[in-house]
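Down below is the structure, laid out as structure tokens.
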């Protein structure tokens, strides 16, 4: 079996995130009203480049997601994309801390900030080579004493214990969290745990079965792309991304910067 490199995983994450919109279109028979693969690619490129620029200037990789220009991507979804970019660049503890700062408005719920930090740290564990179950356990360990993550922890711990034994359709139909972003994260984690070796089929199931279908399927695509590497994503989907080569260039830059 081919040993995945960190670059394989980072590229898999970026392509998996962007190509998920194509799977959603294929499954539903119509283009997403909220965002296309081009919209996702633009947001991914902006988030990644912003992280790289801040790191190059010796500053903490902290920025507000409202710097992402694509208005078609609503909150908290834009911030989740930014959290993934942080996770590809930073070690888990740093990604956790910086991800929490992506939404700094005074009325941002603490649970939402904690969820963004969790997404960043989980992505960081995955890009370092952990399998999904291992990454989830390690990230839960980072936040187990975080009061702001209190509402997030029980559903994710329950998923860790039951998802591999529960049909995916049942997991997606069950309410597992109280707020929108936590529900999106829990849905994506459910999919990635239940079908950890099938990128396209699992993203398609997420697109069919989940509320917030675009967000859940794209996070699922990112998590599984990181776990399985870029080779797991259909070549046709990658070739249809208009700015696909730019995503690979970004993956190479993130890979080099993450080792600095």
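In the numbering used here, the protein residues as written are 1 to 260.
Built from N, CA and C at the ideal position, the CB exists for glycine as well.
For residue 92, count neighbouring Cβ atoms within 10 angstroms of its own Cβ and tell me buried if that reaches 16, exposed if not. As a working mapping, residue 92 is identified with position 92 in the chain shown. So residue 92 ends up on the buried side.
How would you label residue 26, buried or exposed, when you count the other beta carbons within 10 angstroms and need 16 or more for buried? Residue numbering aside, residue 26 sits at position 26 when the chain shown is read from its first letter. Burial call: exposed.
Pairwise C-alpha distance: residue 3 and residue 77: Translated into the one-based positions of the chain shown, residue 77 becomes position 77. Translated into the one-based positions of the chain shown, residue 3 becomes position 3. For residue 77 and residue 3, the distance between alpha carbons rounds to 32 Å.
Three-state secondary structure (DSSP) of residue 134: Stepping through the chain shown from its first residue, residue 134 is reached at position 134. Helix, per DSSP.
C-alpha gap between residue 204 and residue 84, whole angstroms: Counting from one through the chain shown, the residue named residue 204 turns up at place 204. Counting from one through the chain shown, the residue named residue 84 turns up at place 84. The alpha-carbon atoms of residue 204 and residue 84 are separated by roughly 21 Å.
Look at the alpha carbon of residue 223 and the alpha carbon of residue 249, and state the distance between them as a whole number of angstroms. Within the chain shown, numbered from 1, the residue matching residue 223 stands at position 223. Within the chain shown, numbered from 1, the residue matching residue 249 stands at position 249. Their backbone Cα atoms lie some 20 Å apart in a straight line.
Residue 246 to residue 195, Cα distance in whole Å? Working through the chain shown from its first residue, we reach residue 246 at position 246. Working through the chain shown from its first residue, we reach residue 195 at position 195. Rounded to the nearest angstrom, the two C-alpha atoms are 29 Å apart.
Just the Cα atoms here: how many angstroms apart are residue 146 and residue 98? In the chain shown, the residue the question calls residue 146 occupies position 146. In the chain shown, the residue the question calls residue 98 occupies position 98. Cα-Cα distance, rounded: 15 Å.
Separation of residue 5 from residue 257, as counted between CA atoms: Within the chain shown, residue 257 is the residue found at index 257, counting from 1. Within the chain shown, residue 5 is the residue found at index 5, counting from 1. Looking at the two C-alpha atoms, the distance is approximately 15 Å.
Residues of its chain near residue 229, where Cβ-Cβ distance is below 7 Å and the 5 sequence neighbours each way are ignored: Locating residue 229 in the chain shown gives position 229, where the first residue counts as 1. Cβ neighbours of residue 229 beyond the five flanking positions: 4, 8, 9 and 12.
For residue 50, tell me which candidate among 96, 41 and 82 has the shortest Cα-Cα distance. On the chain shown, residue 50 is found 50 positions in, with the first residue counted as 1. Residue 50 has its Cα closest to that of 82, out of 96, 41 and 82.
Buried or exposed for residue 16, please, with buried defined as at least 16 other CB atoms from any protein chain shown within 10 angstroms of its CB. Here residue 16 refers to the residue found at position 16 of the chain shown. Label assigned to residue 16: buried.
Would you mind working out which of 212, 239, 22 and 142 sits nearest residue 122, comparing C-alpha positions? Counted from its first residue, the chain shown places residue 122 at position 122. That would be 142, whose Cα lies nearest to the Cα of residue 122.
DSSP on residue 125, reduced to helix/strand/coil? By 1-based counting over the chain shown, the position of residue 125 is 125. Correct three-state label for residue 125: helix.
Candidates 190, 260 and 251: closest to residue 48 by CA position: Position 48 of the chain shown, counted from the first residue, corresponds to residue 48. With distances taken between Cα atoms, residue 48 lies closest to 251.
Alpha-carbon to alpha-carbon, residue 242 and residue 80: Residue mapping note: residue 80 aligns to position 80 of the chain shown, counting from 1. Residue mapping note: residue 242 aligns to position 242 of the chain shown, counting from 1. Going by the C-alpha atoms only, they are around 22 Å apart.
Can you tell me the Cα-Cα spacing of residue 120 and residue 135, whole angstroms? Indexing the chain shown from 1 puts residue 120 at position 120. Indexing the chain shown from 1 puts residue 135 at position 135. Going from the Cα of residue 120 to the Cα of residue 135 covers about 11 Å.
Can you look up residue 10 in the DSSP assignment and give me helix, strand or coil? For the purposes of this step, residue 10 is taken as residue 10 along the chain shown, with counting starting at 1. Looking at residue 10 - three-state DSSP - the assignment turns out to be helix.
In angstroms, rounded to a whole number, what distance separates the CA positions of residue 19 and residue 218? Translated into the one-based positions of the chain shown, residue 19 becomes position 19. Translated into the one-based positions of the chain shown, residue 218 becomes position 218. Taking the straight line joining both Cα atoms gives about 8 Å.
Among 39, 182 and 125, the one whose alpha carbon lies nearest that of residue 109: In the chain shown, counting from the first residue as 1, residue 109 sits at position 109. When each option's Cα is compared against that of residue 109, the closest is 182.
Below 8 Å on the Cβ atoms is my guess for residue 232 versus residue 216; work out the distance and round it to an integer in Å. Translated into the one-based positions of the chain shown, residue 232 becomes position 232. Translated into the one-based positions of the chain shown, residue 216 becomes position 216. Contact doesn't hold; Cβ gap of about 18 Å is too wide.
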